[in-house]
Every structure is written in C-alpha cells, then in structure tokens.
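Numbering (our numbering), first residue to last: 46 to 602.
Note that CB positions come from ideal geometry on N, CA and C, so glycine has one too.
These numbers come from a predicted model, not from an experiment.
Given below as structure tokens:
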C-alpha cells in the first residue's frame with residue numbers, strides 16, 4: 046500500500062491482479078496526479094486498513110475503484126464496507142463482460158456510481174470521462190476534511206465532558222461527535238472501538254486514544270508532560286494568573302523556570318467569559334484569552350510548561366526544594382512558588398454528585414455554552430465569576446437564573462457587574478434561594494429550589510446548573526511541611542509572626558519575606574495565600590513580586 050500524503054484528496058484503486066492494478070494507477074496518475082493522491086491496494090483488507098487510517102487523519106477520499114473478482118472479499122463487499130468509513134466517496138466497480146449482471150445488481154447494494162468494463166482502452170474515451178464526472182459530483186458535496194482532534198462519545202457522559210473541557214481550556218481545537226450520529230459511528234468503526242469504550246479521541250495524526258487519563262490525553266494531543274531537566278532555579282506550581290505572572294517574570298529575568306499545571310493554564314480566571322476590570326483592557330477580554338496570551342508570553346521568554354501532572358508533595362533537601370508528583374516522579378529547584386489557587390466547593394444537595402458532568406457543572410464549562418440556547422439556565426453563586434457567566438450565557442439562554450443565599454449581590458460582586466446584570470432582561474436574581482436537590486434520568490432534568498425567607502420549595506425544569514459556590518484551597522498535600530491557616534490557606538511573611546516571634550523551625554537570622562512561607566525559599570502567591578485579595582490583577586502582581594523575592598533568596602545561597 047502506498048503512503049498517503051496529507052494535502053490532496055485520494056483516488057484509491059483495489060485489484061488483486063498486480064498488472065491490472067499498476068495499469069489503473071498509471072492511467073489515473075497521468076491525468077489526476079497533480080491534484081489527487083493516486084493510491085492502490087491489492088486486497089480489500091489492505092484497502093480498508095488504508096481507508097481507516099485516512100478516516101482517522103481526516104484525509105478525504107474522492108473515488109474508490111474496486112475490481113469485482115477478488116479472493117477473500119470481492120469488490121461489492123469491499124465497497125459496502127468502505128461506505129461505512131467514507132460515505133461521500135464515489136464508487137466504481139471494475140468488471141469483465143461476464144460479470145455485468147452482478148455489477149448491475151450491486152448498484153442497489155452499494156449505491157454504485159458506475160461500473161467499468163475491462164479493458165477500458167483507450168482511457169481518454171472509456172476511463173477519464175467517467176472519473177471526471179465522478180470527481181465533479183464529489184467536489185459538489187459538502188465533505189470538508191476535519192483535521193482537528195476528534196472526540197467521540199456520549200452526550201451525557203461525565204468523562205466525555207471532562208475531556209472536552211480539558212481540550213477547550215488548553216486552547217486545543219477539536220470536533221465533537223456523538224456515538225448515535227452517523228459520523229461518530231464511522232469514526233468508532235475506523236478506530237476499531239465500541240460505544241462502551243468512549244470517550245475515543247483521535248488526534249490530527251490519526252492516533253487513537255481510548256478512554257485516556259488526562260496525562261495520556263495531554264501527551265496524545267502534543268502537550269508537554271515531562272520536565273526537560275532535573276533541576277531549575279524556580280518551580281511554579283499552578284498555572285493561574287499568579288503562576289503565569291511568575292513564569293513570565295521569572296523567565297524574562299533569566300531564571301530557569303518551569304511551571305507545573307494539573308489541568309490547564311488560566312485557573313478559575315481562565316474559565317471567566319469576560320473580565321472587564323483588568324488594567325489595560327477597557328473593552329474586557331475572556332479569561333481564556335488572558336491565559337493564552339500569558340502562556341505564550343512565558344514560553345517566548347523561555348519558561349517551560351508541564352501539563353497534566355499532579356503535585357502531591359514538597360520536601361526541603363538541604364538547599365534544594367523537591368516537588369513530588371502523583372506518578373512517583375519529581376523535580377527539584379532552588380526555589381518554589383505555590384500558586385495553586387482554589388477550587389469550587391462541593392455542593393451538598395442530594396443528586397448534584399450524580400449529575401456532575403451531565404448537566405451540573407462547577408464553573409462556567411465553556412463547552413456547554415452553545416447547548417444553552419433557548420433553555421432556562423441556573424447559576425448558583427454571587428461572586429464575579431458567577432456574574433460573568435450569567436452575562437455570557439444570557440446571550441443564548443432563554444432565561445438565566447442567579448441563585449444566592451444572601452439578601453443581594455452587593456456583598457460579593459463588583460459594582461460594574463451588578464449594573465450590567467440589572468440591564469439584561471433575561472437575567473433574574475433570586476435572593477435567599479438555594480438548590481436542595483437535583484434529579485433526572487440520564488442527565489439533569491429538574492432541581493428543587495428553597496426560598497429560605499419563606500421556607501417554601503419549588504421544583505423547576507433545568508437541564509443546566511452551573512455552580513460557583515465559594516472556594517477551597519486544596520492544600521492537604523502541604524500538611525506537615527508548610528504552615529496554613531484553619532481554612533487551609535498558606536500563611537506567608539508577617540502572617541507567620543506571632544507576638545514578634547518567627548515560626549517554629551525557622552532557622553534563618555532574618556524573618557520570612559513578604560510572600561515567603563514557613564519553609565525558606567518556598568513562596569506563595571494568588572488566591573491560595575491566606576488573606577489574599579482574590580482578584581486577577583492582584584494575583585498577577587503577587588506572582589511578579591514573588592520573582593523579586595526569589596532573586597533575593599538566590600543571591601544569598
């Protein structure tokens with residue numbers, strides 16, 4: 046089988062007679078070789094393997110020419126199976142005069158476009174006019190090749206939702222196919238996978254990933270998952286605004302910097318649909334845009350980014366600070382910045398866990414916005430992230446309901462957002478209200494709301510519930526190493542001093558620097574720091590300030 050190039054559509058000839066096969070390809074290349082890849086196979090099985098590969102890579106097939114009399118799999122059987130992979134390809138059967146009746150019968154079986162009698166000499170009269178007409182018809186169909194990553198799965202699968210969100214947040218273009226759609230079924234056939242093995246991911250090179258972990262997915266779509274060195278000047282843990290700010294300033298100032306991110310750069314801010322109070326962007330920008338610009342800026346200056354690696358431990362080994370990963374690996378540096386941010390708190394209402402990823406989403410879930418058209422959407426939370434999501438979703442949804450337990454939005458949301466929300470007629474704010482249960486069949490269909498002012502409950506139809514219910518730092522992995530407050534936020538600088546005394550175990554003659562933790566050379570920035578401002582601009586500023594303090598630390602080593 047010849048190796049297909051990537052750019053041109055293919056014309057594939059299948060014939061078990063090498064002489065006939067070469068003759069077909071010779072004549073086809075003479076006329077069509079400049080614009081099409083002319084491929085040949087000597088058996089139906091080999092040809093199907095090639096068609097599967099082209100399907101996975103998103104490479105178009107224009108015409109299939111198959112000989113009727115082939116051992117193992119005749120031409121009609123081949124074309125019938127090829128239709129499952131490339132339904133738009135035009136189909137031609139090569140027959141001898143004695144097989145014309147079989148060819149005519151095959152027109153109904155495989156929707157045959159034409160049959161050619163052998164020999165076809167001269168090709169200018171008997172071959173080219175037929176192929177010309179077929180190619181003209183093929184070009185008239187809508188069959189643009191899909192070169193992006195393809196994701197095949199079930200509409201209401203939590204894991205499929207996670208995969209799509211992972212790709213979207215990492216700025217990786219992809220195309221989504223449901224298993225009950227014809228093209229989704231064709232891709233599963235090409236991948237030799239079943240519906241029970243979804244999600245199935247097919248990268249642009251045609252490689253198939255079946256039910257991958259995040260690390261396998263990251264590696265399969267080309268993200269960097271391994272450090273190139275064993276030792277750095279600075280390890281940044283977390284790719285939110287604080288971590289990205291530190292990576293940009295650290296690398297730009299000559300520090301060997303590596304940023305480790307568990308899911309995707311941007312953190313919670315990266316999921317914001319619109320940030321309008323960030324300095325220098327009067328028209329606002331999305332969190333994804335901000336994260337992408339910062340990531341590219343960090344890479345431009347030489348920072349190394351590692352994705353889909355979970356940090357589970359930190360250890361001080363002499364002058365080195367060692368960061369340990371969940372898979373048993375580790376990386377070390379002179380200094381470490383903890384910038385892991387916070388995650389949304391778990392919602393305790395019965396049923397919420399059952400439908401997470403199947404109608405219930407923590408954060409804005411960028412991949413779900415397009416499916417909210419003409420639906421009633423419910424948002425729980427009163428902070429800026431909830432308000433930004435409400436404004437964004439209101440452009441498509443029939444109604445957006447914001448549910449808050451307090452008396453108003455003023456206590457937790459910026460004034461500019463409250464004013465915007467008040468001017469949007471299809472956003473409704475429900476105060477003193479909370480979700481007390483959720484239910485449905487294979488996905489969320491209903492929620493029960495309770496008015497805490499009156500005690501009354503109401504069941505409402507809801508296919509989308511977005512949760513923005515406060516934050517938790519998830520810093521248990523620092524237990525016994527770095528001091529934290531009662532809520533788990535990391536203490537730093539003056540907050541470590543008690544009655545003027547330095548923290549227990551602190552052996553340096555100086556007190557901790559402003560963003561330095563209870564472990565010298567380990568710093569903290571952003572939302573994970575105790576008493577932080579919980580704003581994007583302040584997190585970026587702390588990331589930059591941390592780099593200045595890292596320089597001071599390194600100068601004295």
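Measure the C-alpha to C-alpha separation of residue i and residue j and round it to an integer number of angstroms.
i           : j           : result
residue 597 : residue 379 : 12 Å
residue 56  : residue 256 : 33 Å
residue 133 : residue 265 : 29 Å
residue 356 : residue 374 : 10 Å
residue 475 : residue 447 : 6 Å
residue 67  : residue 172 : 15 Å
residue 434 : residue 318 : 6 Å
residue 572 : residue 535 : 9 Å
residue 94  : residue 216 : 32 Å
residue 118 : residue 126 : 10 Å
residue 377 : residue 371 : 15 Å
residue 469 : residue 422 : 14 Å
residue 522 : residue 528 : 12 Å
residue 412 : residue 203 : 12 Å
residue 543 : residue 549 : 10 Å
residue 450 : residue 493 : 14 Å
residue 277 : residue 570 : 19 Å
residue 179 : residue 105 : 14 Å
residue 199 : residue 309 : 23 Å
residue 321 : residue 54  : 46 Å
residue 91  : residue 123 : 10 Å
residue 565 : residue 364 : 9 Å
Checking 8 Å against the spacing of the C-beta atoms, do residue i and residue j come in under that value?
i           : j           : result
residue 509 : residue 417 : yes
residue 290 : residue 279 : no
residue 59  : residue 79  : no
residue 101 : residue 287 : no
residue 222 : residue 232 : yes
residue 191 : residue 158 : no
residue 135 : residue 182 : yes
residue 369 : residue 358 : yes
residue 332 : residue 347 : no
residue 445 : residue 471 : yes
residue 567 : residue 366 : yes
residue 516 : residue 389 : yes
residue 576 : residue 531 : no
Quick one: measure Cβ to Cβ for residue i and residue j, integer angstroms, because I've assumed they're closer than 8 Å.
i           : j           : result
residue 582 : residue 304 : With 8 Å as the limit, residue 582 and residue 304 do not qualify as a contact, their Cβ atoms being about 19 Å apart.
residue 520 : residue 538 : Going by Cβ atoms, the distance from residue 520 to residue 538 rounds to 17 Å, so no, they are not a contact pair.
residue 270 : residue 353 : 5 Å
residue 18  : residue 130 : Limits of the chain in this structure are 46 at one end and 602 at the other, which puts residue 18 out of reach.
residue 513 : residue 430 : 5 Å
residue 121 : residue 155 : 6 Å
Quick one: what's residue i bridged to in DSSP?
i           : result
residue 517 : 388
residue 475 : 448
residue 604 : Past the boundaries of the shown model lies residue 604; the chain is included only from 46 to 602, so the question cannot be answered.
residue 159 : 137
residue 546 : 543
residue 484 : 491
residue 357 : In DSSP, residue 357 forms no bridge with anything.
residue 277 : 378
Tell me where the alpha helix (DSSP H) around residue i begins and ends.
i           : result
residue 125 : 120-128
residue 437 : 429-438
residue 176 : 173-185
Where do the N-terminal and C-terminal ends of the beta strand (DSSP E) with residue i fall, by residue?
i           : result
residue 345 : It is not in any beta strand (DSSP E) - residue 345 instead sits in the alpha helix (DSSP H) that spans 332-345.
residue 365 : 365-370
residue 207 : Premise fails: residue 207 lies in the alpha helix (DSSP H), 203-214, not in any beta strand (DSSP E).
Please confirm whether residue i has its beta-carbon closer than 8 Å to some beta-carbon of chain B.
i           : result
residue 411 : Going by chain labels, chain B is absent from the structure shown, which holds only one protein chain.
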